[in-house]
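Under full-length UniProt numbering, residue 173 is the last one in the sequence shown; the count climbs by one each step, no gaps.
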Amino acid sequence: INYKLSTSKLKELFQLVDTKTLGEIGYDGFVHFYHSLMSSDKLLPETLKSYINDDSKIVTLRSFCNFLLTVQKEPIDDNLISAKMRNFLQDAKRETQEPYFTQQEFVDYLFSKDNQILDVTKCELNQDMTRPLNHYWISSSHNTCVTTPTLQNTCFRRLNSKASYLDVVFCFC
């Protein structure tokens, strides 16, 4: 998050959490401090505020489905989304017919690992990456400029040293 906040406002929020005025906070204090920062109305753009009920300050299942479809462009299935919300909340007290997010829970969801941009299944390596780096073909300008056909050209037959190789790389790449 890139969130600009004045030093005085930051200090004021910190002092609300630092009740013993020690100049330090524990884990619970940090969580409270984090939530006070994240609950700022300036943090949520108007497009997201439209999914939060003005009176109850909750995001209903229907609103959340609309958000996923409209903003995140995710295909939706009410049952899957309901299960997704319940899984994120993991609160036995809230086992209602239709799950909902409070405004803070909605913000927490937006910044959680459950809402990642990156598809982690695409990050898995399927190649052997245990050998030294110089054993791999690295896709770069050096590989496209100085390949065997280039080196076989009569102009480059004199390449017999590292310095000559570097000259070619710097000239043609």
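Glycine is no exception: its CB is placed at the ideal position from the N, C-alpha and C atoms. All figures in this text were calculated on a predicted structure; none of them were measured in a lab.
Local conformation of Thr-154 per DSSP, three classes: Interpretation of Thr-154 is limited by its pLDDT of 49, a score under 50 that renders its predicted location unreliable; no figure is taken from the coordinates.
What separation, rounded to the nearest whole angstrom, lies between the Cα atoms of Tyr-136 and Asp-128? 10 Å
Just how far apart, CA to CA, sit Asp-119 and Arg-86? 21 Å
Could you check if Gln-15 is buried or exposed, using at least 16 other CB atoms within 10 Å of its CB as the buried criterion? exposed
Apart from the five residues on each side of it in sequence, which residues of its chain come closer than 6 Å, Cβ to Cβ, to Ser-36? Leu-13
In terms of residues, what are the limits of the beta strand (DSSP E) holding Tyr-100? 100–102
Using C-beta distances below 6 Å, list every residue in its chain close to Phe-101, excluding the 5 sequence neighbours before and after it, in chain order. Val-59
Relative to the C-alpha of Gln-116, which candidate in Leu-80, Ser-164, Phe-30, Glu-74 has its C-alpha closest? Glu-74
At a cut of 8 Å, does the region 61–73 reach the region 96–114 through at least three beta carbon pairs? yes
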